[in-house]
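Residue numbers (the numbering used here): 109 to 526.
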Amino acid sequence: MPSPALTRAAAAALLVALAAPASAQKGNDTLDIGIGGSVTSVDPHFYNASPNNSLSMHIFDRLVERDARARPYPGLAESWRVVSDTVWEFKLRPGVKWHDGRDFTADDVAFTVQRAPNVPGSPGGFGGFLRAIQRVEVVDPLTVRFHTAQAHPLLPTELASVAIISRHAGEGASTEDYNSGKAAIGTGPYRFVAYQAGDRTELARNDAYFRGPEPWARVNYRFIANDGARTAALLAGDVDLIDQVPSTDLAKLKREPKVTLSQIQGLRLIYLAMDHSRRGNLPFVTDNEGKPIAKNPFDDLRVRRALSIAINRQALSERIMEGTASPTGQWLPEGTFGYNPEVTPPRFDPDAAKKLLAEAGYPNGFRLTLHSPNDRYPNDAKTAQAVAQMWSRIGVRTEVEALPWASFSARSNRQEFA
Numbered sequence: 109m110p111s112p113a114l115t116r117a118a119a120a121a122l123l124v125a126l127a128a129p130a131s132a133q134k135g136n137d138t139l140d141i142g143i144g145g146s147v148t149s150v151d152p153h154f155y156n157a158s159p160n161n162s163l164s165m166h167i168f169d170r171l172v173e174r175d176a177r178a179r180p181y182p183g184l185a186e187s188w189r190v191v192s193d194t195v196w197e198f199k200l201r202p203g204v205k206w207h208d209g210r211d212f213t214a215d216d217v218a219f220t221v222q223r224a225p226n227v228p229g230s231p232g233g234f235g236g237f238l239r240a241i242q243r244v245e246v247v248d249p250l251t252v253r254f255h256t257a258q259a260h261p262l263l264p265t266e267l268a269s270v271a272i273i274s275r276h277a278g279e280g281a282s283t284e285d286y287n288s289g290k291a292a293i294g295t296g297p298y299r300f301v302a303y304q305a306g307d308r309t310e311l312a313r314n315d316a317y318f319r320g321p322e323p324w325a326r327v328n329y330r331f332i333a334n335d336g337a338r339t340a341a342l343l344a345g346d347v348d349l350i351d352q353v354p355s356t357d358l359a360k361l362k363r364e365p366k367v368t369l370s371q372i373q374g375l376r377l378i379y380l381a382m383d384h385s386r387r388g389n390l391p392f393v394t395d396n397e398g399k400p401i402a403k404n405p406f407d408d409l410r411v412r413r414a415l416s417i418a419i420n421r422q423a424l425s426e427r428i429m430e431g432t433a434s435p436t437g438q439w440l441p442e443g444t445f446g447y448n449p450e451v452t453p454p455r456f457d458p459d460a461a462k463k464l465l466a467e468a469g470y471p472n473g474f475r476l477t478l479h480s481p482n483d484r485y486p487n488d489a490k491t492a493q494a495v496a497q498m499w500s501r502i503g504v505r506t507e508v509e510a511l512p513w514a515s516f517s518a519r520s521n522r523q524e525f526a
């Protein structure tokens with residue numbers, strides 16, 4: 109039970125657009141998008157975070173792509189096959205050009221595998237998706253083989269997470285070289301134009317894209333962290349499209365005749381991760397008198413189970429997310445690769461949770477500070493506050509410290525939380 113409390117299923121992915129985009133009304137072919145999550149770098153290997161990945165997929169391609177249900181389909185690789193138990197062979201798509209006109213080849217794939225796990229200063233990179241690969245063999249310009257230590261059937265799926273970069277632009281390049289555009293040369297449907305951290309990113313259409321040109325000549329991403337401001341920008345016509353639609357604004361937006369709401373089941377999962385890797389006392393965990401607890405309570409499965417079944421997932425879905433999420437007990441939603449219909453959400457049972465705490469040696473509970481971002485996920489701080497109230501009812505007196513994502517992620521990577 110590595111994640112002791114899965115709080116809710118991926119919220120339905122919500123996009124709201126003006127029925128007639130403001131840019132179309134102006135008579136041009138530019139799309140302005142207001143996004144809720146800040147892109148921290150154009151370097152596609154710097155940080156495995158949704159805003160960064162959402163941008164990189166327009167500039168860079170992957171060997172294998174995934175559809176809306178996470179099913180793989182050919183990307184820069186036309187096909188792939190198992191040569192032996194420990195060798196995968198990928199045939200690359202011919203005729204693909206980098207944005208500077210040079211040919212995409214297997215050597216670029218080999219360079220990507222070498223570079224992606226080793227980006228200096230990365231707060232959370234892509235090495236995990238490439239860990240199984242022991243050696244990359246360039247058979248010819250359009251054939252590459254991946255050698256693994258043992259059979260690894262998930263390799264094509266894992267490669268769908270890694271953007272392919274060019275050796276000629278990326279060798280010796282720093283993350284800042286990507287942010288400036290010097291190294292941001294991809295094969296994707298859009299070319300890099302400009303990037304300002306915490307503000308905006310500008311892209312221009314790649315008319316030579318191997319799948320054909322996209323409909324918009326230019327796309328501008330504007331970072332608008334505040335939910336209300338993002339909605340207001342849409343209604344004012346300052347942007348044509350917004351993501352991370354605030355659930356509190358849904359009813360109002362549905363009444364707007366000029367607004368179109370698109371909703372699908374997303375892959376976003378909100379979960380609570382307890383540190384049960386450390387055996388001693390943890391920061392932000394004390395007994396009821398505020399004294400450190402000698403033993404990590406989260407190291408006990410009974411405590412983690414107690415915290416899980418003390419969460420009323422249905423209430424979170426209905427009251428906090430206003431129907432835009434569903435309870436879950438696993439990582440992936442129905443219809444996606446890896447979903448198991450036999451794994452159901454844990455049943456809400458606060459009485460059983462209290463008994464488990466008592467069995468684990470905490471009949472009177474303990475105190476805890478729950479840390480959460482407040483600008484990263486839909487209703488993230490509100491969800492944390494609701495969970496804190498539920499835990500407090502079983503004796504785990506919980507306070508919430510909600511932080512901006514930049515601070516939260518940095519401190520989390522340093523294991524400063526419980």
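Virtual Cβ for every residue (Gly too), placed ideally from N, Cα, C.
Please read all numbers here as calculations on a predicted model, not as lab measurements.
Under the DSSP assignment, H276 falls in the alpha helix (DSSP H) whose first and last residues are 275-278. For V495, the enclosing alpha helix (DSSP H) stretches over residues 488-500. When secondary structure is reduced to three states using DSSP, E284 falls in the helix class.
If you ignore the 5 residues before and after D357, its C-beta comes within less than 8 Å of the C-beta of D335, G336, T339, all in its own chain and listed in chain order.
When DSSP reads this structure, A305 sits in no beta bridge, so it has no partner. Apart from the 5 residues on each side of it in sequence, E186 sits with its Cβ closer than 6 Å to the Cβ of K199, R201 in its chain, given in chain order. For A218, the three-state secondary structure derived from DSSP is helix.
For G203, the closest C-alpha among the options V508, A433, Q493, G320 is that of G320. Taking a cut-off of 8 Å for Cβ pairs, the segment 423-442 and the segment 385-397 do not touch, as fewer than three such pairs fall below it. For F237, the three-state secondary structure derived from DSSP is helix. By the Cβ rule, the segment 341-359 does not count as touching the segment 413-423, because fewer than three pairs are nearer than 8 Å. Considering only P471, S434, D459, the residue with the shortest C-alpha distance to P453 is S434. If you ignore the 5 residues before and after S385, its C-beta comes within less than 7 Å of no other C-beta in its own chain. Annotation: the continuous alpha helix (DSSP H) that includes K360 extends over 358-362. Below 8 Å, too few C-beta pairs join the segment 170-182 and the segment 294-302 to call them touching: fewer than three.
In the three-state scheme derived from DSSP, where H, G and I count as helix and E and B as strand, I372 is classed as strand. Beyond the five residues adjoining it in sequence on each side, T506 comes within less than 7 Å, by CB distance, of L476, L478, A496, W499, S500 in the same chain, given in chain order. DSSP lists Y155 as the beta-bridge partner residues of G232. For F198, the pairing in a beta bridge is given by DSSP as W188, V252.
Short of 7 Å from the beta carbon of P458, and not among the five residues preceding or following it, lie these beta carbons of its own chain, in chain order: A418, R501, I502. A straight line joining the alpha-carbon of R189 with that of G446 spans about 21 Å. A distance below 8 Å between beta-carbons, with the five flanking residues on each side excluded, links L139 to the following residues of its chain, in chain order: P129, S131, W324, R326, V327, N328, D348, L349. Put simply, the backbone Cα of S274 is about 18 Å away from that of V247.
Look at Q242 here: in three-state DSSP terms it is strand.
Residue burial annotation: S192 is exposed, with fewer than 16 other C-beta atoms found within 10 angstroms of its C-beta.
Per DSSP, T432 lies in no beta strand (DSSP E) segment and is marked neither H nor E. Proximity of the segment 231-250 to the segment 280-294 falls short of the contact definition, fewer than three beta-carbon pairs being nearer than 8 Å. Burial of P441 is indicated by the presence of at least 16 other C-beta atoms within 10 angstroms of its C-beta.
With respect to V172, V217 sits apart: the two C-beta atoms are not nearer than 7 Å.
Membership of D459 in the alpha helix (DSSP H) is indicated by the continuous run 458-467. Given a length threshold of 4 residues, each whole run of the alpha helix (DSSP H) inside the segment 393-457 is given here in chain order: 409-417. For A214, same chain residues with a beta-carbon under 8 Å away, outside a window of 5 residues either side, are L200, V246, V247, D248, P249, L250, T251, V252 in chain order. Within its own chain, the residues whose Cβ lies closer than 7 Å to the Cβ of Q493, once the five positions on either side in sequence are excluded, are V508, listed in chain order.
Using a Cβ distance threshold of 7 Å, V150 and Y286 count as a contacting pair. With a threshold of 16 other beta carbon atoms within 10 Å, R412 meets it and is buried. Excluding five sequence positions before and after R170, the CB atoms of its chain that fall closer than 8 Å to its own CB belong to G183, L184, L267, A268, S269, V270, A271, I272, given in chain order.
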